[in-house]
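Note sheet for the following structure.
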Amino acid sequence: MTDTTPRITQPYLESFISQTVRILGKVVQLRGDQATIDAGGHITMILNRDSHLTVGNAAEIVGKVKPDLTVEVLMSTDFGNNINFNAVEAVVDATHRYKEIFYDGGE
1 MTDTTPRITQ PYLESFISQT VRILGKVVQL RGDQATIDAG GHITMILNRD
51 SHLTVGNAAE IVGKVKPDLT VEVLMSTDFG NNINFNAVEA VVDATHRYKE
101 IFYDGGE
C-alpha cells in the first residue's frame with residue numbers, strides 16, 4: 001500500500017470519510033461479515049474474506065471510512081492480547097497534533 005494511512009480512533013472517523021486509515025483497537029464482537037472494534041469508542045468494521053480476528057485481541061485495521069462511519073476492511077492484522085492501549089492513544093494524538101509529519105492534513 002502506497003497511500004497515506006493516518007492512525008485514527010473513533011472520534012476522528014467523521015474527519016476521514018472516504019479516506020483510507022489505520023485503526024488499532026480491541027475486537028469486542030464478531031457477527032457474520034462484521035466486527036465491532038473498541039478504539040476510543042466502538043467502530044463497526046465490514047470484514048473481507050482475509051480478515052481473521054479474535055474477540056478480546058487487539059487488531060490493526062487498514063480500511064476505508066464509509067459515509068455511515070463504518071470501515072470497510074482492506075487489510076487486518078491480529079496483534080494478540082498484550083497491547084498497551086494508552087500508548088496507542090498517545091501515538092494517535094501525536095499523529096494528529098503533528099499531522100504535517102504523518103499525513104496531509106488538508107491545510
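Just so you know, full-length UniProt numbering puts 55 at position 55 of the sequence shown, and the rest follows in order with no gaps. Glycine is no exception: its CB is placed at the ideal position from the N, C-alpha and C atoms.
What's the gap between the Cα of residue i and the Cα of residue j?
{"i": "residue 65", "j": "residue 93", "result": "19 angstroms"}
By alpha-carbon positions, which one of the options ends up nearest to residue i?
{"i": "residue 3", "options": "35, 63, 47 and 27", "result": "63"}
{"i": "residue 57", "options": "86, 81, 91 and 18", "result": "81"}
{"i": "residue 69", "options": "12, 7, 5 and 28", "result": "12"}
{"i": "residue 49", "options": "34, 15, 28 and 67", "result": "34"}
{"i": "residue 72", "options": "83, 18, 95 and 98", "result": "18"}
{"i": "residue 30", "options": "87, 46 and 77", "result": "46"}
For the alpha helix (DSSP H) containing residue i, list its first residue and its last residue.
{"i": "residue 89", "result": "85 to 97"}
First and last residue of the beta strand (DSSP E) that includes residue i?
{"i": "residue 42", "result": "42 to 46"}
{"i": "residue 80", "result": "71 to 80"}
{"i": "residue 63", "result": "58 to 65"}
{"i": "residue 28", "result": "20 to 31"}
{"i": "residue 34", "result": "34 to 38"}
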